[in-house]
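Engineer: My questions will all concern the structure given below.
Residue numbers (my numbering): 9 to 131.
Printed below as a string of structure tokens:
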């Protein structure tokens, strides 16, 4: 390998080197290092939370759109009774978003509880 004439050498303190290694480890390919049990548990927990978030957001967004349809019925098409009924159905969907999130989280946590317990007992 050829030696570069204008090469720059940078020296880091021990604290900076530790921080630099931590940042570098986050960008290193996963196949080069085995995952620790803590990293595995965090990944499983994040997957559980993501499923609940997706379910809750889906219900909430659909409820919001239905509420908007009810408002359109009232304001644009002068259909008061159907608009109120559709709007109330949409509001029920919006109100059900958080309970849906909690339900999915509880169900998923019960499903992966054994695996998390095994990971937390090891080491």
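For glycine and all other residues, C-beta sits at the position ideal for the given N, C-alpha and C.
All figures in this text were calculated on a predicted structure; none of them were measured in a lab.
What residue does the alpha helix (DSSP H) around residue 28 start on, and which one ends it?
Structural biologist: For the purposes of this step, residue 28 is taken as residue 20 along the chain shown, with counting starting at 1. From DSSP, the alpha helix (DSSP H) with residue 28 extends over 22-35.
Engineer: Going by C-alpha distance, which of 124, 68, 73, 127 is nearest residue 107?
Structural biologist: Position 99 of the chain shown, counting from 1, holds the residue named residue 107. Of the listed residues, the one whose Cα sits closest to residue 107 is 68.
Engineer: How about residue 59 and residue 112: do their beta carbons lie closer than 8 Å?
Structural biologist: For the purposes of this step, residue 59 is taken as residue 51 along the chain shown, with counting starting at 1. For the purposes of this step, residue 112 is taken as residue 104 along the chain shown, with counting starting at 1. It is a contact, given that the beta carbons lie within the stated cut-off.
Engineer: Assuming residue 78 and residue 92 form a contact by the criterion Cβ under 8 Å, report the distance between their Cβ atoms to the nearest whole angstrom.
Structural biologist: Position 70 of the chain shown, counted from the first residue, corresponds to residue 78. Position 84 of the chain shown, counted from the first residue, corresponds to residue 92. With 8 Å as the limit, residue 78 and residue 92 qualify as a contact, their Cβ atoms being about 7 Å apart.
Engineer: Is residue 86 helix, strand or coil when you go by DSSP?
Structural biologist: Working through the chain shown from its first residue, we reach residue 86 at position 78. Looking at residue 86 - three-state DSSP - the assignment turns out to be coil, as it is neither helix nor strand.
Engineer: With C-beta atoms as the reference, is residue 70 less than 8 Å away from residue 101?
Structural biologist: Residue numbering aside, residue 70 sits at position 62 when the chain shown is read from its first letter. Residue numbering aside, residue 101 sits at position 93 when the chain shown is read from its first letter. In this structure, residue 101 lies closer than 8 Å to residue 70 by Cβ.
Engineer: Specify the secondary structure class of residue 92 as computed by DSSP and reduced to three states.
Structural biologist: The residue given as residue 92 occupies position 84 in the chain shown. Looking at residue 92 - three-state DSSP - the assignment turns out to be helix.
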